[in-house]
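Numbering-wise (UniProt numbering), the sequence shown opens with residue 1 and increments by one. Taking it in order: structure first as structure tokens, then the write-up.
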Amino acid sequence: MAIRANSLTKGYSGIRLIVIEKLVEMLNKQVHPIIPEKGSLGASGDLAPLSHMVLPILGLGEAEYQGKVLDGKVAMSEANIDTMALASKEGLALINGTQALTACGGLALYDAIRLLKVSDIAGALSLEAHNGIIDAFKEELHVIRNHEGQVLTAKNVRNLLEGSTFVTKQGEIRVQDAYSLRCMPQIHGASKDAVRFVQHKVEIEINSVTDNPIITRDKEAISGGNFHGQPMALPFDFLGIAVAEIASVSERRLERLVNAEHNNLTSFLVAKSGLNSGFMITQYAAAALVSENKILAHPASVDSIPSCENQEDLVSMGTIAARKAKSIGENTSRVVATEVLAACQAIDMRRAINPDYKLGKGTEAAYNVVRKHCGFLEEDKNIEMYKELDTITNLIMSDEFVDAVEAVVEMTY
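Here is the structure:
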């Protein structure tokens, strides 16, 4: 609603100011139309979803108000907002645009930006849990390739691990770490570069006129194609792929954490692993989410189906791309949360062996927040792991987790 109102204020849509003000009034009074997430081709705008956005203005449809789903007319009445009739062109002006797909994709983007910071924190915790090699994050190594995301990720990890005695030097324990640990700057960084590209496109789109026809200052009506979602369909597909890669590398680090052949601790990070399953099934669940992401990461924008008697003969499927990106982000947050919890478990087990181990400045802040909400897993008894993971998933996607880390170290997306 906010994006559509912003687009209409540009003055190219042939709509009265009072109608735009009605959208803003609904937003301010928190009358939220019930809009289906499916049903848009992302081509002649998001016609079906945006039609549902408009219905309460006419006293039709449904809307959420004060936590209840009401008939649109009732919701407007309870919020003390008058319904109204639309004039010529105004119905089309309200529904012919890309705002549904842009809003959905924008929310996915917002979550992705947070996930990229969290993934650096998770990876740094895992590096400590593995006594990983810090040399692979030296600035000189990364500036000679100089991809922005790579350089920033390496800097984030160095900042997070400042003062850590968990990490090791090259050759101290091993010559090199596995790719999922050693190549964090290259892998996370590539996703950051992709997400920044998507952010740029979203910022353009939310400030664009995506109406058709447009009405010029000279009152000429021009029929064009600004409603077509292709400029956002490709970026949102890219967003889904970028975030799916974060889940993939996180799950690989998780597998190394729970694997006794790699962690030099115990199988599944629990005592008496034959009797206790510990973190075993959490890795199964993470692997399932990663595999689901691989299916969801297939681009929606490569598909098309003709509509409107073949007049609309190539459509973007941008709304599907945006919805998929949102689902991938939700799956990825669960995978990264599992890695965070497992890394904290492994860190505690290492400290039991060597109490002198000290976490990095940033990772210690992250660890302390996790332990405020979830404790060490001694055995399976009386532990409902899904509740622990729910807690940590909600935590890492809240302000509390990242803010605690950024209060002590600088992190850049």
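The C-beta atom is built at its ideal place from N, Cα and C for all residues, glycine as well. Remember, it's a predicted structure, so these values are computed and weren't measured experimentally.
For E388, there is no enclosing beta strand (DSSP E); the residue is part of the alpha helix (DSSP H) that begins and ends at M385 to I396. Taken through DSSP and simplified to helix, strand or coil, K68 comes out as strand. Annotation: the continuous beta strand (DSSP E) that includes P33 extends over V31 to P33. With respect to the 8 angstroms criterion, M26 and I81 are classified as neighbours on the basis of their beta carbons. The C-alpha of G67 is placed about 30 angstroms away from the C-alpha of E203. A direct Cα-Cα distance of roughly 28 angstroms separates Y65 from L395.
Your pair I121 and V405 checks out as a contact, with CB atoms roughly 6 angstroms apart and the cut at 8 angstroms. Residue range M280 to L296 is occupied by the alpha helix (DSSP H) that includes I295.
Taking the CA atoms as reference points, E162 sits about 57 angstroms from P213. For G45, the three-state secondary structure derived from DSSP is strand. Remark: C-beta atoms of G42 and L101 approach each other more closely than 8 angstroms. Secondary structure note for A271: it is in no alpha helix (DSSP H), with a DSSP letter that is neither H nor E. DSSP places G91 in the uninterrupted alpha helix (DSSP H) bounded by E90 to I95. Distance from the Cα of G91 is smallest, within the candidate group I57, M184, S248 and V243, for I57. Secondary-structure assignment with DSSP links I222 through a beta bridge to I214. Contact annotation: I206 and V167 have beta-carbon atoms that are not nearer than 8 angstroms. Runs of the alpha helix (DSSP H) spanning 4 or more residues and lying entirely within the region 318–364 occur at 318–353, in chain order. With contact defined as three or more Cβ pairs closer than 8 angstroms, the region 311–330 and the region 349–369 are not in contact. Assignment of T168 by DSSP, reduced to helix, strand and coil, places it in the strand class. Partner residues in the beta bridge of E312, as assigned by DSSP, are S307.
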